[in-house]
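Heads up: the structure comes next, in structure tokens.
What follows is the structure in structure tokens.
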């Protein structure tokens with residue numbers, strides 16, 4: 408009897424799940440061919456990775472479970488507190504109960520490509536998404552902390568529904584009547600906050616890429632306004648642009 412082809416085994420292992428997959432692996436792990444051994448070893452590693460991701464997601468939903476009595480649980484986070492140029496942006500996201508988005512994490516832990524993919528998935532699955540943005544001029548006027556709070560209030564107002572509770576990344580937002588739960592490093596501990604982190608980061612990065620097209624000499628697409636050596640060099644060469652934060656660049660001018 409002719410042995411099953413390695414290509415056919417690969418297809419069957421890729422398509423199978425659960426008990427069927429375990430049964431197939433038990434059979435194919437007895438196959439002495441090196442190509443089959445590599446396939447089964449790789450599939451075992453994939454299963455382990457998926458299990459670890461399931462465990463990570465379960466942990467990332469611990470706050471959502473703790474406050475499950477609330478209908479609308481909203482994660483809040485910001486992007487762009489530290490840059491020398493561009494706005495500060497806040498994201499607010501309400502995910503459906505029990506929603507899981509695989510590999511969603513603190514936006515700083517994700518590649519740009521992964522953030523873009525997750526942005527689309529969040530926008531598709533979320534019950535509500537809000538964005539708030541505060542300009543460099545406003546940052547100079549009221550300081551970055553107050554501007555961050557203002558952006559967060561704007562993001563909450565942009566949701567279209569009123570949240571019942573806010574899960575915030577570390578801060579408590581002034582002048583907000585909704586119950587708030589500040590969580591240190593919340594973007595790595597709450598899926599809702601991680602979603603808000605991605606929304607804020609991708610929104611801001613896309614805007615900075617647009618600014619790069621208008622003012623290519625500063626390289627905004629590369630550094631997104633942060634104080635890289637190249638950015639500081641271009642700032643000194645060309646002087647400040649309309650989107651530079653005057654209170655942030657005075658030490659470089």
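Residue numbers (the numbering used here): 408 to 660. Note that beta-carbon positions come from the ideal geometry of N, C-alpha and C, so glycine has one too.
Sheet register partners of residue 388 (DSSP bridge)
What the structure shows of the chain is the stretch from 408 to 660, and residue 388 is not part of that stretch, so it cannot be assessed.
Quick check on the DSSP output: the beta strand (DSSP E) that includes residue 587 runs from which residue to which?
586-590
Roughly how far, in whole angstroms, is the beta-carbon of residue 508 from the beta-carbon of residue 523, given that I think they are within contact range, below 8 Å?
Not quite, the Cβ-Cβ distance comes to about 14 Å (not below 8 Å), so this is no contact.
Taking residue 604 as the reference, which of 496, 442, 453 has the closest Cα?
496
Other residues of its chain near residue 608: CB distance less than 7 Å, five sequence neighbours each side excluded
486, 514, 522
Compare the Cα-Cα distances from residue 648 to each of 471, 520, 543 and report the closest residue.
543
Out of 435, 506, 628, 438, point me to the one whose CA is closest to residue 467's CA.
506
Hey, quick one: how far does the beta strand (DSSP E) through residue 663 stretch, first residue to last?
Outside the displayed span of the chain (408 to 660) sits residue 663, for which this structure offers no information.
Identity of the residue in 475, 433, 455 nearest residue 571 by Cα
475
Classify residue 492 as helix, strand or coil using the three-state DSSP reduction.
strand
Within a Cβ cutoff of 6 Å, which residues of the same chain sit near residue 546, ignoring the five residues on either side of it in sequence?
554, 652
Straight-line Cα distance separating residue 512 from residue 465
12 Å
Under the three-state reduction of DSSP, which class applies to residue 637: helix, strand or coil?
helix
Contacts around residue 431, its chain only, beta-carbon distance under 7 Å, and the 5 residues preceding and following it disregarded
419, 420, 423
Give me the DSSP bridge partner(s) of residue 651.
492
Residue from 615, 472, 616, 562 with nearest C-alpha to residue 596
472
According to DSSP, is residue 423 part of a helix, a strand, or is it coil?
coil
N-terminal and C-terminal residue of the beta strand (DSSP E) that residue 535 is part of:
535-541
Go ahead and pull the three-state DSSP assignment for residue 597.
coil
Once DSSP output is grouped into helix, strand and coil, what is the label at residue 607?
helix
Is it buried or exposed, residue 560, if we count other Cβ atoms within 10 angstroms and call 16 or more buried?
buried
Taking contact to mean 3 or more Cβ pairs, one atom from each stretch, closer than 8 Å, check whether the stretch 437-452 and the stretch 562-579 are in contact.
no
With the cut-off set at 7 Å, would you say residue 484 and residue 493 are in Cβ contact?
no
Would you mind working out which of 650, 657, 410 sits nearest residue 541, comparing C-alpha positions?
650
Kindly give me the distance between the Cβ atoms of residue 526 and residue 606, rounded to whole angstroms, as I take these residues to be in contact under 8 Å.
7 Å
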